[in-house]
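To start, the structure itself, in structure tokens.
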Amino acid sequence: MNLTSHHKRILTALLLLPVLGGALYAGGMVKAAVIALLGLLGLWEFYGLFWPGRRRAVLKSLGVFGGTLFILDSGLGWTHNPVLFLVLLFWAIWLVFLVEYSRNKDQAEFRDYIIVIGGLFYVPLVLSLFFNLSGVEIILVLAATFASDTGAYYTGSWLGGKKIWPVISPKKTWSGSFGGLILCLAVCLVTGALFGQGSWKHYLVLGLVLNMAAQLGDFFQSSLKRWNKVKDSGQILPGHGGILDRIDSLLLLLPVYVLFNTIFKIF
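Listed below in structure tokens is the structure:
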């Protein structure tokens, strides 16, 4: 049976979300391994946007290896100080730069090393925030991300209309943005009513800020792809592209949720 891109998208989401949510909810080694795998794949795709194929293989491998160790230590508590891996990785990266610069200063691209460090902030550092969330919070964050993306995709596909930011993302419409917002608000209000400790107004505002974060995270990833002239960050997920194409909204929504709940303590 030949599946359309639309069918592949639905099937992938139906298979991926329960597996991901269940693994993160389970905690322990399983949770750490899943987040580390997401970080590894996402970080490799991020670096691949700038250096496709075998380009900068040493820098890409160094960043992915250090970022994965950081996530695993954050979840399993090997050193009880996971930032140590980031500090050591920082100096290892600059050591590689010093060696490259000493060999051929005209070919030593300082920007490449900034990209390695930027990727560590963008993917593994953000994903490590999952280790501070309860099971309910994990489900909320994943559901809000899914609601924002899915609501926007299908509402925009059905209704069309004026584009939001065509230079960055030519397909995203205001109707889609509104559809994603409504679905995200519903997720936050229902979750808050069932498990939360705040008022309905808190969850209304939470839904608003999480949806805005999800959309901005999506726009950021779109800008990276357009700047690097690629359609998708990868091909690992049928109908979705790469891991980054699936979690780009999450990578801003997650820290925004943590900040919001730290201030208002609604879960």
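Heads up: the sequence shown runs through residues 49 to 315, numbered per the working numbering.
Even for Gly, the Cβ is constructed at its ideal location relative to N, Cα and C.
On a predicted model such as this, the values are computed, not experimentally measured, just so you know.
Beta-carbon proximity list for residue i, same chain, < 7 Å, skipping 5 on both sides
i, result
"residue 264", "300"
"residue 87", "115, 116, 119, 171, 172 and 175"
"residue 225", "200, 212 and 263"
"residue 246", "240, 312 and 314"
"residue 276", "97 and 98"
Nearest neighbour of residue i, chosen from the options [CA to CA]
i, options, result
"residue 140", "105, 309, 183 and 110", "110"
"residue 96", "307, 302, 272 and 144", "272"
"residue 108", "137, 81 and 124", "137"
"residue 212", "182, 69, 184 and 266", "266"
"residue 201", "186, 183, 184 and 230", "230"
"residue 305", "149, 70 and 184", "184"
"residue 72", "180, 253 and 101", "180"
"residue 293", "128, 66, 130 and 91", "91"
"residue 303", "220, 203, 270 and 186", "186"
Own chain residues within Cβ distance below 8 Å of residue i, not counting five before or after
i, result
"residue 262", "192, 193, 196, 197, 228, 232, 297, 298, 300 and 301"
"residue 244", "250, 251, 314 and 315"
"residue 255", "192, 229, 232, 233, 234, 235, 236 and 237"
"residue 161", "107, 141, 142, 144 and 145"
Alpha-carbon spacing of residue i relative to residue j, whole angstroms
i, j, result
"residue 207", "residue 307", "34 Å"
"residue 145", "residue 112", "17 Å"
"residue 156", "residue 123", "35 Å"
"residue 147", "residue 154", "13 Å"
"residue 68", "residue 152", "45 Å"
"residue 253", "residue 158", "41 Å"
"residue 129", "residue 135", "11 Å"
"residue 190", "residue 168", "21 Å"
"residue 259", "residue 204", "15 Å"
"residue 127", "residue 133", "9 Å"
"residue 164", "residue 217", "25 Å"
Cβ-based neighbour list, residue i, same chain, cut-off 6 Å, excluding 5 preceding and 5 following
i, result
"residue 210", "222"
"residue 83", "119, 175 and 178"
Opposing strand residues paired with residue i [DSSP bridges]
i, result
"residue 213", "217"
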